[in-house]
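Peer 1:
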């Protein structure tokens, strides 16, 4: 932190990164929207965040006839914590939020850094005054580091910057359970050490990093599997992915699903390709009580979910089972889902035990509405799933020399099918036979059945159909046949990327 009130930050470990994202949430809470957007845009481009002047403004703070000054940014911090705890208050009531959340923050989250009983009746006015002065001094030191070469110099294990010890904050300089009880060692030289590779009791940490780490709870989002935070090597990607998680967390609570949905939201709303290094290092940190673990997806899956076409298809279909198939790399099962969707689309009624019910979960409660919803979703899946499968094949093709145009072939075959709608009834009579031949991998027989329809009807055979036989991958051949049938028999919209 320099005298110009700017903060230069670079990604580090997940705890520090979560602290930075939480700190940005505090500034988002207190700053004007346009001012914050401009500052954060500059931060993403340069790594430097310009703090607003009003963050450093001193506000008079009155509690039980004690009047002290506290920096504005502390009020923003406790207001943001209050929002996380679902205690939404108007911004003109920040002082009450500071009082209400002080004990929660410094007793349950950061034990020992500050006095958790600051606003209790048991603490004297003198001690309260000293404690408030202490947190203001801590903020000043954290935001304006000056190195004195004559004093002992330490190097922060997180940011790598050199710093001097301040006598008032001795216990802050060694990472311990006072910073985070689940990860830090016990305080003091005789405390239980944590298992760092160098066998030291812990690691040194500067006041700036300590201050940022105080904000890490604001970066986590509550799910049914605990609190999660998406960690990446890029603060911009980190900011938006966690923001998207918070937006959908009210509707979905499964951690893996939230992760997948956030990646797709990036593709749809940001629509920017990420570098291979970033995609290979996206992980989800999951915290449940004192247990902290993580899970991640392969770079291939991350790349697939962040593709605009894939994200559009999965989001529009809105079926968790299909997203799960993609996330678990069970892509071949998408063809089984397509087969089920075609059968459901052609059936007069959806009977109990129909295979489409494995992939479509209707939102309606009434039976008639459920069947109608399944039928409509089946029509949509009929033409979208072959496109989805072909697009995944394009994205995961190992032979980089081959032309990646499988999705465009699917679109072309669907459009060829739409041109011969007058043969719909004829194809409908043969549909189940063609479907079974395709499912069993008898592509030549299925192709001949399609050709015979054109010969019997004395219609010219579309030249594009030869693409089915030219394809070497039998699974892609299946998707091509399904795509053509969806054009002839389906009731969906025209294919292609929206």
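Residue numbers (the numbering used here): 51 to 548.
Note that beta-carbon positions come from the ideal geometry of N, C-alpha and C, so glycine has one too.
Since we're looking at a predicted model, the values are computed, not measured.
On a Cα-Cα basis, can you pick out the residue from 513, 503, 507 that is closest to residue 463?
Peer 2: For the purposes of this step, residue 463 is taken as residue 413 along the chain shown, with counting starting at 1. Taking only the C-alpha atoms, the option nearest residue 463 is 513.
Peer 1: Among the candidates 483, 126, 489, 271, whose CA atom is the shortest distance from the CA of residue 500?
Peer 2: For this step, residue 500 is matched to residue 450 along the chain shown. Looking at the Cα atoms, 483 is the closest of the given residues.
Peer 1: On the DSSP bridge assignment, give the partners of residue 273 in chain order.
Peer 2: Counted from its first residue, the chain shown places residue 273 at position 223. BP columns for residue 273 point to 276.
Peer 1: Across the region 390-400 and the region 318-328, are there enough close Cβ pairs to call them in contact, namely three or more that are closer than 8 Å?
Peer 2: In short, these stretches do not touch, since the Cβ pair count stays below three.
Peer 1: At what residues does the beta strand (DSSP E) containing residue 345 begin and finish?
Peer 2: Position 295 of the chain shown, counted from the start, is the residue given in the question as residue 345. Segment 341-346, the beta strand (DSSP E) holding residue 345.
Peer 1: By the three-class DSSP mapping on this structure, what secondary structure does residue 319 have?
Peer 2: Position 269 of the chain shown, counted from the first residue, corresponds to residue 319. Here residue 319 sits in helix by DSSP.
Peer 1: So is residue 490 buried or exposed if we call it buried at 16+ other beta carbons inside 10 Å?
Peer 2: Numbered from its first residue, the chain shown carries residue 490 at position 440. So residue 490 ends up on the exposed side.
Peer 1: Measure the alpha-carbon distance for residue 84 versus residue 108 and round it to whole angstroms.
Peer 2: Here residue 84 refers to the residue found at position 34 when the chain shown is read from its first residue. Here residue 108 refers to the residue found at position 58 when the chain shown is read from its first residue. Distance between the alpha carbons of residue 84 and residue 108 is about 23 Å.
Peer 1: DSSP on residue 58, reduced to helix/strand/coil?
Peer 2: Here residue 58 is taken as the residue at index 8 of the chain shown, counted from 1. Of the three classes helix, strand and coil, the one that applies to residue 58 here is strand, per DSSP.
Peer 1: Excluding the five sequence neighbours on either side, which residues of its own chain have a C-beta within less than 6 Å of the C-beta of residue 218, listed in chain order?
Peer 2: If you number the chain shown from 1, residue 218 lands on position 168. No residues qualify anywhere along the chain.
Peer 1: Please report the Cβ distance between residue 555 and residue 535, rounded to the nearest whole angstrom; I am assuming they are in contact, meaning their Cβ atoms lie under 8 Å.
Peer 2: There is simply no residue 555 to check, as the chain begins at 51 and stops at 548 in what is shown.
Peer 1: Select from 408, 403, 350, 399 the residue whose C-alpha is nearest the C-alpha of residue 419.
Peer 2: Looking up residue 419 in the chain shown gives position 369. Among 408, 403, 350, 399, the Cα nearest to that of residue 419 belongs to 399.
Peer 1: Can you give the beta carbon distance from residue 186 to residue 121, rounded, assuming they're within the 8 Å contact cut?
Peer 2: Here residue 186 corresponds to residue number 136 of the chain shown, with the count starting at 1. Here residue 121 corresponds to residue number 71 of the chain shown, with the count starting at 1. The Cβ separation is near 6 Å, so the contact holds.
Peer 1: Looking at the structure shown, is residue 121 part of a helix, part of a strand, or coil, going by DSSP?
Peer 2: On the chain shown, residue 121 is found 71 positions in, with the first residue counted as 1. Looking at residue 121 - three-state DSSP - the assignment turns out to be strand.
Peer 1: By Cβ distance, which residues of its chain are closer than 8 Å to residue 289, with the 5 residues on each side in sequence left out?
Peer 2: Stepping through the chain shown from its first residue, residue 289 is reached at position 239. Cβ within range, chain order: 71, 74, 90, 94.
Peer 1: Under the three-state reduction of DSSP, which class applies to residue 301: helix, strand or coil?
Peer 2: Position 251 of the chain shown, counted from the start, is the residue given in the question as residue 301. The answer is coil: DSSP assigns residue 301 none of H, G, I, E or B.
Peer 1: Between the region 188-199 and the region 256-271, do at least 3 Cβ pairs fall closer than 8 Å?
Peer 2: Contact between the region 188-199 and the region 256-271 is present, because at least three Cβ pairs lie under 8 Å.
Peer 1: Count the other CB atoms within 10 Å of the CB of residue 345; is the residue buried (16 or more) or exposed (fewer)?
Peer 2: Residue mapping note: residue 345 aligns to position 295 of the chain shown, counting from 1. Exposed, because fewer than 16 other Cβ atoms sit within 10 Å of the Cβ of residue 345.
Peer 1: Less than 8 Å between the CB atoms is what I'm expecting for residue 228 and residue 214, so what's the real figure, rounded?
Peer 2: To locate residue 228, count along the chain shown from 1; it is residue 178. To locate residue 214, count along the chain shown from 1; it is residue 164. With 8 Å as the limit, residue 228 and residue 214 do not qualify as a contact, their Cβ atoms being about 20 Å apart.
Peer 1: Quick one: Cα of residue 352 to Cα of residue 179, how far?
Peer 2: Locating residue 352 in the chain shown gives position 302, where the first residue counts as 1. Locating residue 179 in the chain shown gives position 129, where the first residue counts as 1. For residue 352 and residue 179, the distance between alpha carbons rounds to 51 Å.
Peer 1: Count the other C-beta atoms from every protein chain shown that fall within 10 angstroms of the C-beta of residue 444, then say buried if there are 16 or more, exposed otherwise.
Peer 2: Numbered from its first residue, the chain shown carries residue 444 at position 394. Buried: at least 16 other Cβ atoms inside 10 Å.
Peer 1: Suppose you measure from the CA of residue 209 to the CA of residue 60; what does that come to, to the nearest Å?
Peer 2: On the chain shown, position 159 is the one that residue 209 refers to. On the chain shown, position 10 is the one that residue 60 refers to. Cα to Cα, residue 209 sits roughly 8 Å from residue 60.
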